[in-house]
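S.K.: Those sequence lines, one after another, are chains A and B. Okay, so the first sequence: first residue is 1 according to our numbering, each after it adds one. Okay, so the second sequence: first residue is 1001 according to our numbering, each after it adds one.
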Amino acid sequence: MKLLKFLLVGVFFGIVLVKSEAVSWYRIFEMFKFQSFHMYGIIGSAVFLGILFLWSIKKLKLKSIDGNAIHLPAKDKGFTRYLLGGSIFGMGWALAGACPGPMYILLGTGVFSMLIVIAAAVLGTFTYGVLKDKLPH
Amino acid sequence: MDFLLRPWPWYISGPLISLVLLILVYFGKTFGMSSNLRTICSIGGAGRFSDFFRFDWKAHLWNLVVVLGAMIGGFIAVTFLSDGSVIALNPETVSDLRELGFREAGKSLLPAEIYDWKSVLSFKGLTLLIVAGFLVGFGTRYAGGCTSGHAITGLSNLQLPSLVAVIGFFIGGLIMTHLILPLIFGI
């Protein structure tokens, strides 16, 4: 039962991402071509409200559902890993037209060839884990 | 009810995505989809090859449940909440895509030229999907997050590393879209 609420959040997330067309390869292509405001509007308004939400949580010292203080872990310091890793991710994002969330969602819409992309993404993550200490961060 | 079946505009979708972030934070978690790839590696026994995968994956089970829900959500959205409308792409995008050989831009979520089995089962098509997935999986873990973890959560939490990562997302995305895709699909 504890996990049911996460299932419902996931269902909501999946519906929103399909209905917003953010899971569409075409929308990602259009975004990187700067030919539409659509994706920028989605991400921009999500971040704008997200800033307001997280700021209010900190200001009002709101507690989570289990009564603990809400704390979002800070990202590790660094520059290379974010720029380089980010660029590698961006190339994959524009080629597949899907980032990790949409990959699963699109599989749910019945695109079974997405399983190949997901399997390759797992392999990519595995490769990173193995090479981690040899990479500049 | 009609508005539910039509595509949702950005000013509805964006705020609803921030609601997902808010709910997960309220549940004492955080919003990050790519972490699941690491969890899957760990469940599969990758801990034998790297410390990176030696952690208590059971503590991350909730996030895999979000993934399961997202798949169900995707199914519900296309099965019960769609009116089959064509994606309202910029006509310029449609004509740019036609030049690259994409004939049905916007008629489905994904191009048949990449995701149909006919394309997937060719050497070029299979390579393309494997390379794309590998870049996403490798890059996202190297950068410590993806669109949900960095672009939505990290930026909302005013994290400078996330801004650098998002700039990286765009450098990579622009190189792929403007320089490499024309090489793959042009001619």
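For each residue, glycine too, the CB sits at the ideal point set by N, CA and C.
Below 8 Å on C-beta distance, what does Met91/A contact in chain B?
M.R.: Leu1135, Gly1139, Gly1172, Gly1173, Ile1175, Met1176, Ile1180
S.K.: Report all residues from its chain with a CB closer than 7 Å to the CB of Val1086/B; omit the five preceding and five following residues, and keep chain order.
M.R.: Cβ neighbours of Val1086/B beyond the five flanking positions: Gly1106, Lys1107.
S.K.: Using a Cβ cut-off of 8 Å (strictly closer), state whether Thr1127/B contacts chain A.
M.R.: At a cut-off of 8 Å between beta carbons, Thr1127/B makes no contact with chain A.
S.K.: Give a yes or no on whether the minimum CB-CB distance between Trp1008/B and chain A is below 8 Å.
M.R.: Flagged as an interface residue toward chain A: Trp1008/B, by a C-beta distance shorter than 8 Å.
S.K.: Taking Ser1040/B as the reference, which of Asp133/A, Ile118/A, His137/A, Lys132/A has the closest Cα?
M.R.: The identity of residue 1040/B in the sequence shown is Ile, whereas the question assumes Ser. The option with the nearest alpha carbon to Ile1040/B is Ile118/A.
S.K.: With a Cβ-Cβ cutoff of 8 Å, do Gly50/A and Phe1170/B count as a contact?
M.R.: no
S.K.: For the alpha helix (DSSP H) containing Phe89/A, list its first residue and its last residue.
M.R.: 80-96
S.K.: Smallest Cα separation from Tyr1196/B: which of Ala46/A, Gly86/A, Met31/A?
M.R.: Beyond the ends of chain B as shown, which are 1001 and 1187, falls residue 1196/B; an answer cannot be given.
S.K.: Can you say whether Phe1123/B is buried or exposed, counting buried as having 16 or more other CB atoms within 10 angstroms of its CB?
M.R.: exposed
S.K.: Whole angstroms is fine: what's the gap from Lys33/A's alpha carbon to Trp25/A's?
M.R.: 12 Å
S.K.: Measure the alpha-carbon distance for Gly1074/B versus Pro1007/B and round it to whole angstroms.
M.R.: 14 Å
S.K.: Taking C-alpha atoms, which residue in Lys5/A, Leu3/A, Phe12/A lies nearest to Ile1076/B?
M.R.: Phe12/A
S.K.: Going by DSSP, which residues form a beta bridge with Ala1132/B?
M.R.: Answer is none; Ala1132/B lacks a bridge partner.
S.K.: If you reduce the DSSP assignment to three classes, tell me which class Lys19/A lands in.
M.R.: Three-state result, Lys19/A: helix.
S.K.: How would you list, in chain order, the residues of chain C whose beta-carbon sits under 7 Å from the beta-carbon of Leu60/A?
M.R.: Given the protein chain composition of this structure (A and B), no chain C is represented.
S.K.: Within a Cβ cutoff of 7 Å, which residues of the same chain sit near Tyr1142/B, ignoring the five residues on either side of it in sequence?
M.R.: Within its own chain, no residue has a Cβ closer than 7 Å to the Cβ of Tyr1142/B once the five positions on either side in sequence are excluded.
S.K.: Nearest-angstrom Cα distance between Ala1189/B and Gly1154/B?
M.R.: Not covered by the structure: residue 1189/B. The range shown for chain B is 1001 to 1187.
S.K.: Determine the chain B residues that contact Pro33/A at a beta-carbon separation under 7 Å, and present them in chain order.
M.R.: Looking at the sequence shown, residue 33/A is not Pro but Lys. In chain order: Thr1093, Asp1096, Thr1177.
S.K.: Are there any heavy atoms of the ligand PLP lying less than 7 Å away from the beta-carbon of Trp93/A, as far as the coordinates show?
M.R.: No copy of the ligand PLP occurs in the structure displayed, which carries no ligand at all.
S.K.: May I have the straight-line CA-CA distance separating Gly1047/B from Met1033/B, to the nearest angstrom?
M.R.: 20 Å
S.K.: What whole-angstrom Cβ distance do Val122/A and Leu1037/B have, given they're in contact under 8 Å?
M.R.: 5 Å
S.K.: If you draw a straight line from the alpha carbon of Thr1093/B to that of Phe6/A, how long is it in whole angstroms?
M.R.: 37 Å
S.K.: Quick check: the segment 1154-1167 of chain B against the segment 66-78 of chain A, are there 3 or more CB pairs under 8 Å?
M.R.: yes
S.K.: Please list the residues of the segment 1013-1026 of chain B that have a C-beta atom closer than 9 Å to any C-beta atom in chain A, keeping them in chain order.
M.R.: Those would be Ser1013, Gly1014, Pro1015, Leu1016, Ile1017, Ser1018, Leu1019, Val1020, Leu1021, Leu1022, Ile1023, Leu1024, Val1025, Tyr1026, in chain order.
S.K.: So Trp1062/B is in the alpha helix (DSSP H); what residue range does that whole segment cover?
M.R.: Annotation for Trp1062/B: the continuous alpha helix (DSSP H) segment containing it runs 1061-1080.
S.K.: Nearest chain B C-beta to Lys134/A closer than 8 Å, yes or no?
M.R.: no
S.K.: Do Asp76/A and Gly1145/B come within 8 Å of each other at the CB atom, strictly closer than that value?
M.R.: no
S.K.: When you compare only the Cα positions, how much space is there between Lys2/A and Tyr1026/B?
M.R.: About 14 Å.
S.K.: Considering only the beta carbon of each residue, do Gly67/A and Ala1132/B sit closer than 8 Å?
M.R.: Gly67/A is not a Cβ neighbour of Ala1132/B, given a cutoff of 8 Å.
S.K.: Using a cut-off of 9 Å between C-beta atoms, extract the partners of Gly1084/B located in chain A.
M.R.: Ordered by position in chain A, no residue passes the 9 Å Cβ test against Gly1084/B, which lies about 13 Å from the chain.
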